[in-house]
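To start, the structure itself, in C-alpha cells.
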Amino acid sequence: KDSSRSHDEL
Amino acid sequence: MNLFRLLGDLAHLASIFILLHKIQTTRSCRGISFKTQALYVLVFLTRYVDLFFHWVSLYNFVMKIFFIASSCYILYLMKYRFRPTHDPSLDTFKIEYLLGPCFVLALIFNYHFELAEVLWAFSIYLEAVAIFPQLFMLQRTGEAEAITTHYLAALGVYRALYIPNWIYRYFTEGVVDPIAVVAGIVQTGLYLDFFYVYFTKVLQGQKFELPA
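Chains as they are written, first to last, in our numbering: chain A, 1 to 10; chain B, 1001 to 1212.
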C-alpha cells in the first residue's frame, strides 16, 4: 500500500 | 533518514528528558499543562497503531515504543505521583475545541478512508495543535521556569527541523507528504512567539516573562 510507505517518520 | 530528521528526533527525545528532569528535580509539575501531555499520549497511540502491522526499521520501532511509554509515564507522574503540584485552575484550555475539528479534518483529509489512515491523519492534526493548552497556560501565568522553557524550545526545534527534512526529501527522494507538511508548518508556526521571547530573554540569562 503506497500511503503507509510514506509513514516512515515519527 | 537524513541529518535534519535525525537531529529533529533527537531534539524530541531531549525535550522529553528535559521534562522528566524538571519534574524529578523540582518534584513538581508546576507550569506544565496536563492537557497538552494527555493530548501527546493520544497523538502517539493513534499514530503508532501501525506498530502492529507495518515494520519500518528498528530505529523507528524503538522510538515509537519510547514515545508511547514516556508520554504515559509523564501522565502518570502528573496524575498520581506529583498530583498536588498541578493546578487545574490554570490549565483551562478546552481541548474539545481541538479534538472535534481534528477528527473532522481527519475524516475529510486522509490518504485512505480506513481506520488506521484516519487515525494517522487525526494524530498529525492533533499534534499540530496539542501545544495550545501549554501555551495558553504560559500566557495566563505570564512567566515560566527556565527549564520549562528549555522543554518547549526543544519541542519547537524538533518541529522546525522536520521542515528542512521534508525539503531535503523532496529533492532527494521526490516524496512529499502534504498532510504532514501542512500540519507541520502550522505546528512550527505556533512556536514563533515563544521562540522570540526565548531567544531574546531566556538565552540572554533573563527570566521568561511575557509582556503584560
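Built from N, CA and C at the ideal position, the CB exists for glycine as well.
Here threonine 1085 (chain B) is near serine 1028 (chain B), since their CB atoms are less than 7 Å apart. Taken atom to atom, the span from the alpha-carbon of threonine 1092 (chain B) to that of proline 1133 (chain B) is near 7 Å.
Runs of the beta strand (DSSP E) lying entirely within the stretch 1015-1080 of chain B and spanning at least 3 residues: none are present.
Alanine 1144 (chain B) is bridged by DSSP to B:Phe1208. Around the beta-carbon of phenylalanine 1034 (chain B), 16 or more other beta-carbon atoms lie within 10 Å, marking it buried.
In terms of beta-carbon proximity, valine 1049 (chain B) stays away from the interface with chain A, with every pair separated by 7 Å or more. Residue-level contact check: methionine 1137 (chain B) does not touch chain A, since none of the beta carbons of chain A fall below 7 Å from its beta carbon.
Rounded to whole angstroms, the separation of the alpha carbons of lysine 1207 (chain B) and glutamate 1145 (chain B) is 8 Å.
Pairing phenylalanine 1199 (chain B) with serine 1089 (chain B), the inter-Cα distance amounts to about 29 Å. Under a 10 Å Cβ-count criterion, glutamate 1127 (chain B) is classified as buried, with 16 or more other Cβ atoms of the shown protein chains found around its own Cβ. Sixteen is the threshold: when 16 or more other Cβ atoms of the shown chains lie within 10 Å of the Cβ of aspartate 1177 (chain B), as they do, the residue is buried. Taking C-beta atoms as the reference points, alanine 1130 (chain B) and leucine 1039 (chain B) count as a pair closer than 7 Å.
Within chain A, no residue has its CB atom less than 8 Å from the CB of alanine 1011 (chain B), the nearest being about 12 Å off.
For valine 1043 (chain B), not one C-beta of chain A is nearer than 7 Å to its own C-beta. Contact annotation: the stretch 1003-1018 of chain B does not touch the stretch 1176-1193 of chain B, with fewer than three C-beta pairs closer than 8 Å. In summary, methionine 1137 (chain B) is buried, with 16 or more beta-carbon neighbours lying within 10 Å of its beta-carbon over all protein chains present. For aspartate 1009 (chain B), the closest of B:Tyr1168, B:Leu1155, B:Glu1173, B:Lys1201 by C-alpha to C-alpha distance is B:Leu1155.
If you draw a straight line from the Cα of valine 1041 (chain B) to the Cα of alanine 1069 (chain B), it is about 9 Å long. In the three-state reduction of the DSSP assignment, isoleucine 1095 (chain B) falls in the coil class. Closest by C-alpha distance to alanine 1153 (chain B), out of B:Thr1026, B:Leu1045, B:Phe1044, B:Val1197, is B:Val1197.
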